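Quick notes on the structure that follows.
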Amino acid sequence: MVEGTLARHWESLEGRDARCDLCPHTCRIGEGKRGICGIRVNRNGKLMAAGYGLYPAVHLDPIEKKPLNHFLPGSRILSLGSIGCNLSCRHCQNWSLSRERPEGMEDYFIPPELLINRALDRESIGVAFTYNEPTINFEYIMDVSPELRKRGAKVVLVTNGHLRPGPWKELMEHTDGANVDVKGFSEDFYTRIVGGTLGTVLDNVKTAVDLGVHTEIAYLVIPGHNDDEEQIKGFIGWILSKLHDQVPVHFNRFHPDHKMLDVPPTPEGTLIRSKETAIEMGLKHVFIGNMGGGSFNDTYCPGCGKRIISRNMFSIRSKVSNDGRCPHCGTSVYGVWRT
Ligand code: SF4
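Last residue of the sequence shown? That's 353 in this note's numbering, and every number before it is there in order.
Structure, rendered in C-alpha cells:
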C-alpha cells in the first residue's frame, strides 16, 4: 500500500470530506475517495498525496526533447515521469502514465535524498519533471527543488499549467525552466477536449514569465479542433501582447492516440502555415515539433536574422555566446545559455 505524504493546499470539510485547493477543479473528496487527478486521496478525513515520489519513467533526455530549445542547448537532463493527471485530454499521448493509479506502484518510489544526490550524475544538468502532469506531485517537487538548485542542478517542469495561482507561484519560485502547453485557444476547446480552463493556463504562463522563469510554449495542432486561423492568431496575438516576442513557441504535430483515433495526423502544410503566421505577426522563435526533415527547428537571430543555432534531430550546433548574444550582431537572445 502506498502511504504517500500529507498533502498541502487542502481544507477539511464537514463529514470528514476534504477539499483540495491545488488546481482549479477544487475537488471535494469523500473519505476513501480520490480527486480527478487520481493521486490525491482522502484517508480518514485527511488529504494524502498518494503519488508522492512515484516515478515509473526515468530517462536521460536531450533538453530539446522537453521541448526546450533555448535552455542550455545540447545538454541532457534526468527526466522523471510520475502518474495521474488533472486534465482529461481526449488525445492524451501519455495515457499509460496519466491514467495510472498509485496502488501497487511502491517499487517506483524515489526517495528525495536519492534524487538530490544523483541528479547531476551522468552529465545531467538537473531534473525535468515531465511525461505526465508533474504539478499534481506538488509536495515532492517542493521538497526536492530548493536543495537541487542549491547544488547547482536545474529544475525544469513540462506542464499543462493548470494549477491555482498560489501553488503555481510557489512552484515557479523554485523552477528554472518551464515548457507549458497551451492546448488550444478557446475556452470551448478546453471544456470539450481537455477538461480544464484556458484562462487559468494563460494567467500562469504570464506569472512564470514575470517571475523570470525561462518559459517556452507548446501548442499541439489538432486538425479540426484547434488549427483554425482564429485560434492560432489569437494565441500568437496573446503572446505578443502579454509576454514578449522572443518566447519560443513549438507547434507540434498531432498523431491519433487514446480517445481521439478518428482524427488524422496534422498535415505538414498546417504546421508550416502556423509557423509562417506566427513569424509574420512578429514572433521571433517558432519551431515545428514531431516532423522530420527541413530546418524547422533552427534558431535565427532576432536582430540580424542569421542562423545562430542549427538542430538536426538532437544534434545541436549553437553559436550563441555564453552571455546570450548573437555572434554576428550582438543582439540579446532570450534563453539560458550557461549553467
Ligand atoms: S489536484 Fe487533483 S484532487 Fe486536487 S483539485 Fe486538482 S484534480 Fe482535484
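Note that beta-carbon positions come from the ideal geometry of N, C-alpha and C, so glycine has one too.
Values in this document were obtained by computation on a predicted structure and should not be read as measured data.
Around the beta carbon of residue 241, 16 or more other beta carbons lie within 10 angstroms, which makes this residue buried. Judged by pairs of C-beta atoms under 8 Å, the stretch 164 to 171 does not touch the stretch 199 to 218, as fewer than three such pairs exist. Around the beta carbon of residue 128, fewer than 16 other beta carbons lie within 10 angstroms, which makes this residue exposed. With contact defined as three or more Cβ pairs closer than 8 Å, the stretch 143 to 161 and the stretch 51 to 70 are in contact. Residue 162 carries a helical assignment under DSSP once its states are collapsed to helix, strand and coil.
Look at residue 150: its beta carbon is less than 7 Å from one of the heavy atoms in ligand 1. Going by beta carbons, residue 279 and residue 268 fall inside the 8 Å limit. Rounded to the nearest angstrom, the Cβ distance from residue 221 to residue 252 is 14 Å, too far for a contact under 8 Å. Here the C-alpha atom of residue 34 lies approximately 13 Å from the C-alpha atom of residue 64.
With fewer than 16 other Cβ atoms from the protein chains shown falling within 10 Å of its own Cβ, residue 353 counts as exposed. If you draw a straight line from the Cα of residue 350 to the Cα of residue 57, it is about 43 Å long. Residue state for residue 327 is assigned as coil, using DSSP reduced to three classes. Out of 199, 207, 67 and 204, the CA that lies nearest to the CA of residue 247 is found in 199. In this structure, DSSP gives residue 266 an extended state, which the three-state scheme calls strand. Under the three-state reduction of DSSP, residue 339 is assigned to strand. Excluding five sequence positions before and after residue 82, the CB atoms of its chain that fall closer than 6 Å to its own CB belong to 191, 193 and 230, given in chain order. Inter-residue distance for residue 178 and residue 273 is about 27 Å (C-alpha atoms, whole angstroms).
Of all C-beta pairs linking the stretch 128 to 141 to the stretch 100 to 110, fewer than three are shorter than 8 Å, placing the two stretches out of contact. Ordered by chain, the residues meeting the criterion of a beta-carbon within less than 6 Å of a non-hydrogen atom of ligand 1 are 34, 36, 37, 39, 40, 41, 49, 50, 51, 54, 100 and 150.
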